[in-house]
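Asker: So that we are looking at the same thing, I have put the structure below in structure tokens.
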């Protein structure tokens, strides 16, 4: 396990700016302490390890990356299955389309790179070569949202869910933490068609203490119950939403928290129940509020009787640079900020 | 799993291939008339390449279009599919009558090919610049699986301006992908003019050689030369991807279309249609290879 540091540690910044390829581990280490838990032991980044375990039993699995084998830990796969690992260098479009070619010949390719350089840079390749011919390509977009902090907008992905969600026949899913990612990867093997799997930093605070055995695409998980409002969230925001729910509970507000891991297909039933059984609906996402989870939920709610509703996320802006924890606090995407937004929505 | 058979246990004399190339051009006229528009000239430049591949070279079995050991053909210049569909029907992938509704509402056959709806199409295409990456992935999968199929990818010359082509070319050289064969239909024109004026692609041999490819340049309308190049492809194991640059004439076979910028997409009707049919039936005539300018 790597030693932990806070992103405010300026000594770490130097290492971070040396690059993410060669010094990927350093970069991850420094980008990972968010959510106000600087001294916790970092959770493992299990992407490569879990895929290697699955590949022990499934010869269809191949893993591709674009010069980020360290940052996304696909190097753990490379060590165990070198003949089924392909580093395409900094050529993401070629990687995604070649993955489609591999899939057409019977493989299940997992193509991993930063979300900014997969879903956004190679959006057309995902649509045209993966989704349209229904190739079982799994595009893994890591370091999504603004988790790249002061790397800035070029490395942020606050539009990826919106872009991917409009593509027909594409499954869009966000992994919540390490155990949840394991469940997503395992379930992905039997799902037809292409898939976009969105990860945050990959070493995210724990939500699921064990691998959720009941994970299914298109079925949301209710992680905390309450009647005053429902917080519908996904991926990196699940942990702070749960923490916000605990803070709200302390002041007498009972919040239901739903992990809407799959944005497409969307679990509409859970939204219907939230509307019927709770007083308000709040969506929380590490994404632009245009086009992502909030929009997806709004598309369902607009055809139903009205209750207070608010989309919380990045309000259609390019975000500032800064350490991730500072960004989450500034944009009110930490537990404190989310709880405050919930109170505003309830008028309390 | 059955072993794919060599496509042509049939007659592959130069006369037969010339006849099949006429068939491709005539069917292109017929189908374009059904649709009301078609990519004539990009298809005519590739006619001899198409028929050499499908009647004399590729290993496939129309009764088992998904055979894992078959050779694959990726039409990266998907807009020439109008000339490929008739061949796929003719060799037995589907009933030729299915083409009678070409491009009509609900037809499997659009201007660009759909692998999910058309037996024999090995990958959907249409967005230029993608095909070589598809072929690269298929060839790498063949390596993972220990299969010895080849993947042939036909590109247009205009699409070589797409950056992804060079990503794939670089990766194929790097990975030493022996099962990948590129074919460039070097028909000299893209939509806005000669490639060398719009976005120069030459010197092609030098460029691909420097990316790690074995390169051969041929006359893309001479079926004997095409077959010699295909038969001369090095066997699996030599460790380099191979590129065939086929010098062709956009619109070849109908004089008014040859190297003309006016016929990338068109619609022949009436006497013009009949004249074109007669011209195609007469076979390829010697032409000066010089770009014809209009407008």
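Protein chains in written order, with our numbering: chain A, 409 to 756; chain B, 137 to 431.
All C-beta atoms, glycine included, are put in the ideal place defined by N, C-alpha and C.
Since this is a predicted model, take the numbers as computed values, not measurements.
What beta strand (DSSP E) runs, 3 residues minimum, are completely inside the stretch 214 to 295 of chain B?
Answerer: Whole beta strand (DSSP E) segments, 3+ residues: 287 to 292.
Asker: How far does the beta strand (DSSP E) with residue 300(B) in it extend, from its first residue to its last?
Answerer: Translated into positions along the second chain, residue 300(B) becomes position 164. Taken as a continuous stretch (DSSP letters only), residue 300(B) belongs to no beta strand (DSSP E), being part of the alpha helix (DSSP H) at 299 to 311.
Asker: Say whether chain B places a C-beta atom closer than 8 angstroms to the C-beta of residue 435(A).
Answerer: Here the question's residue 435(A) lines up with position 27 in the first chain. A caution first: residue 435(A) carries a pLDDT of 36, below 50, which makes its placement in the model too unreliable to give a value.
Asker: Going by beta-carbon coordinates alone, are residue 320(B) and residue 274(B) separated by less than 8 angstroms?
Answerer: The count along the second chain starts at 1 and reaches residue 320(B) at position 184. The count along the second chain starts at 1 and reaches residue 274(B) at position 138. Cβ distance not < 8 angstroms, so residue 320(B) and residue 274(B) don't count as in contact.
Asker: Which chain E residues sit within Cβ distance under 7 angstroms of residue 494(A)?
Answerer: In the structure shown, chain E does not exist; the protein chains are A and B.
Asker: Classify residue 374(B): buried if its beta carbon has 16 or more other beta carbons within 10 angstroms, exposed otherwise.
Answerer: Position 238 of the second chain, counted from the first residue, corresponds to residue 374(B). Exposed.
Asker: Roughly how many angstroms lie between the CA atoms of residue 542(A) and residue 148(B), to the nearest whole one?
Answerer: One-based indexing of the first chain puts residue 542(A) at position 134. One-based indexing of the second chain puts residue 148(B) at position 12. Roughly 37 angstroms between the two C-alpha positions.
Asker: In the stretch 297 to 319 of chain B, which residues sit with their C-beta less than 8 angstroms from some C-beta in chain A, listed in chain order?
Answerer: Answer set for the stretch 297 to 319 of chain B: 299, 300, 303, 304, 306, 307, 310, 311.
Asker: Starting from residue 379(B) and walking both ways along the beta strand (DSSP E), at which residues does that stretch end?
Answerer: On the second chain, residue 379(B) is found 243 positions in, with the first residue counted as 1. Where residue 379(B) is concerned, the enclosing beta strand (DSSP E) stretches over 378 to 383.
Asker: I believe residue 523(A) touches residue 477(A) by the beta-carbon criterion, under 8 angstroms. Please report the beta-carbon distance rounded to the nearest angstrom.
Answerer: Your numbering for residue 523(A) matches position 115 in the first chain. Your numbering for residue 477(A) matches position 69 in the first chain. The pair is not a contact, with the Cβ atoms about 17 angstroms apart (cut-off 8 angstroms).
Asker: Cutting at 6 angstroms between CB atoms, please list the residues of its own chain near residue 627(A), excluding the five before and the five after it.
Answerer: On the first chain, residue 627(A) is found 219 positions in, with the first residue counted as 1. For residue 627(A), where only same-chain residues beyond five positions count, the Cβ hits under 6 angstroms are 675.
Asker: Rounding to the nearest angstrom, what Cα-Cα distance links residue 213(B) and residue 625(A) in this structure?
Answerer: Within the second chain, the letter at position 77 stands for residue 213(B). Within the first chain, the letter at position 217 stands for residue 625(A). Computed Cα separation, rounded: 36 angstroms.
Asker: Let me know the secondary structure DSSP gives residue 702(A) once reduced to three states.
Answerer: Along the first chain, one-based indexing puts residue 702(A) at 294. If DSSP states are grouped into helix, strand and coil, residue 702(A) belongs with the helices.
Asker: Looking at chain B, is there any beta carbon in it that lies within less than 8 angstroms of the beta carbon of residue 587(A)?
Answerer: What you label residue 587(A) is simply residue 179 of the first chain in a count that begins at 1. No, because no Cβ of chain B sits closer than 8 angstroms to the Cβ of residue 587(A).
Asker: Give the C-beta separation of residue 453(A) and residue 488(A) to the nearest angstrom, bearing in mind that I take them to be a contact with Cβ-Cβ under 8 angstroms.
Answerer: For the purposes of this step, residue 453(A) is identified with residue 45 of the first chain, where counting begins at 1. For the purposes of this step, residue 488(A) is identified with residue 80 of the first chain, where counting begins at 1. Not quite, the Cβ-Cβ distance comes to about 16 angstroms (not below 8 angstroms), so this is no contact.
Asker: Determine the direct distance from the alpha carbon of residue 176(B) to that of residue 168(B), and round the result to whole angstroms.
Answerer: Against the second chain, residue 168(B) aligns to sequence position 32. Against the second chain, residue 176(B) aligns to sequence position 40. For residue 168(B) and residue 176(B), the distance between alpha carbons rounds to 8 angstroms.
Asker: What are the start and end residues of each continuous alpha helix (DSSP H) run of 4 or more residues lying completely inside the stretch 330 to 362 of chain B, in chain order?
Answerer: The qualifying runs are 331 to 334, 340 to 346.
Asker: For residue 404(B), collect the residues of the same chain with a Cβ closer than 8 angstroms to its Cβ; drop the 5 residues on either side in sequence, then sort them by chain order.
Answerer: Locating residue 404(B) in the second chain gives position 268, counting from the first residue. Within the same chain, residue 404(B) has close Cβ partners 165, 168, 169, 176, 412.
Asker: Could you name the residues of the stretch 528 to 541 of chain A whose beta carbon sits closer than 8 angstroms to any beta carbon of chain B, in the order they occur along the chain?
Answerer: The stretch 528 to 541 of chain A vs chain B, Cβ under 8 angstroms: 532, 533, 536, 537, 540, 541.
Asker: In its own chain, which residues sit with a C-beta less than 6 angstroms from the C-beta of residue 629(A), not counting the 5 before and 5 after it?
Answerer: Here residue 629(A) corresponds to residue number 221 of the first chain, with the count starting at 1. So the list reads 667, once near-sequence residues are dropped.
Asker: Compute the beta-carbon to beta-carbon distance between residue 235(B) and residue 222(B), rounded to the nearest angstrom, for a pair I have assumed lies under 8 angstroms.
Answerer: For the purposes of this step, residue 235(B) is taken as residue 99 along the second chain, with counting starting at 1. For the purposes of this step, residue 222(B) is taken as residue 86 along the second chain, with counting starting at 1. So it is a contact: roughly 7 angstroms between Cβ atoms.
Asker: Sort 364(B), 182(B), 302(B), 306(B) by Cα distance to residue 324(B) and report the nearest one.
Answerer: Here residue 324(B) refers to the residue found at position 188 of the second chain. The shortest C-alpha separation from residue 324(B) is found at 182(B).
Asker: What's the call for residue 268(B), buried or exposed, on a 16-neighbour Cβ count within 10 Å?
Answerer: As a first step, residue 268(B) is located in the second chain; it is residue number 132 there, counting from the start. That one is buried.
Asker: Taking C-alpha atoms, which residue in 469(A), 458(A), 662(A) lies nearest to residue 756(A)?
Answerer: To locate residue 756(A), count along the first chain from 1; it is residue 348. When only C-alpha atoms are compared, the closest one is 662(A).
Asker: With a cut-off of 8 angstroms, does the C-beta of residue 475(A) fall near any C-beta of chain B?
Answerer: The residue labelled residue 475(A) in the question sits at position 67 within the first chain. Output row for residue 475(A): interface = no.
Asker: Would you say residue 300(B) touches the ligand NAP, meaning its beta carbon is less than 7 angstroms from a heavy atom?
Answerer: As presented, the structure is devoid of all ligands, the ligand NAP included, so that no description of it is given.
Asker: Pick helix, strand or coil for residue 413(B), following the three-state DSSP scheme.
Answerer: Position 277 of the second chain, counting from 1, holds the residue named residue 413(B). Residue 413(B): helix per DSSP, three-state reduction.
Asker: What number of angstroms, rounded off, separates the C-alpha of residue 553(A) from the C-alpha of residue 322(B)?
Answerer: The residue you call residue 553(A) lines up with position 145 of the first chain. The residue you call residue 322(B) lines up with position 186 of the second chain. Approximately 44 angstroms between the Cα atoms of the pair.
Asker: Taking only beta-carbon positions, decide if residue 470(A) is within less than 8 angstroms of chain B.
Answerer: For the purposes of this step, residue 470(A) is taken as residue 62 along the first chain, with counting starting at 1. So, interface residue.
Asker: Spell out the partners DSSP gives residue 495(A) in its beta bridges.
Answerer: Within the first chain, residue 495(A) is the residue found at index 87, counting from 1. Residue 495(A) pairs with 473(A).
Asker: Does the count of Cβ pairs from the stretch 743 to 755 of chain A and the stretch 633 to 652 of chain A closer than 8 angstroms reach three?
Answerer: Output reads yes: the stretch 633 to 652 of chain A touches the stretch 743 to 755 of chain A.
Asker: Using only CA atoms, which one of 549(A), 595(A), 514(A), 584(A) lies nearest to residue 283(B)?
Answerer: Locating residue 283(B) in the second chain gives position 147, where the first residue counts as 1. The option with the nearest alpha carbon to residue 283(B) is 514(A).
Asker: Could you check whether the Cβ of residue 422(B) sits closer than 8 angstroms to any Cβ belonging to chain A?
Answerer: Residue mapping note: residue 422(B) aligns to position 286 of the second chain, counting from 1. By this cut-off, residue 422(B) is not an interface position.
Asker: Please list, in chain order, the chain B residues whose beta carbon lies closer than 9 angstroms to that of residue 571(A).
Answerer: Position 163 of the first chain, counted from the first residue, corresponds to residue 571(A). Those within 9 angstroms of residue 571(A) in chain B number zero; the least Cβ separation is about 16 angstroms.
Asker: Against chain A, does residue 281(B) count as a neighbour if the rule is that its beta carbon must be under 8 angstroms from one of theirs?
Answerer: Here residue 281(B) corresponds to residue number 145 of the second chain, with the count starting at 1. By this cut-off, residue 281(B) is an interface position.
Asker: Give the residues of chain B in contact with residue 501(A), contact being defined as C-beta atoms less than 7 angstroms apart.
Answerer: The sequence position of residue 501(A) within the first chain is 93, counting from 1. Within 7 angstroms Cβ-Cβ: 300, 303.
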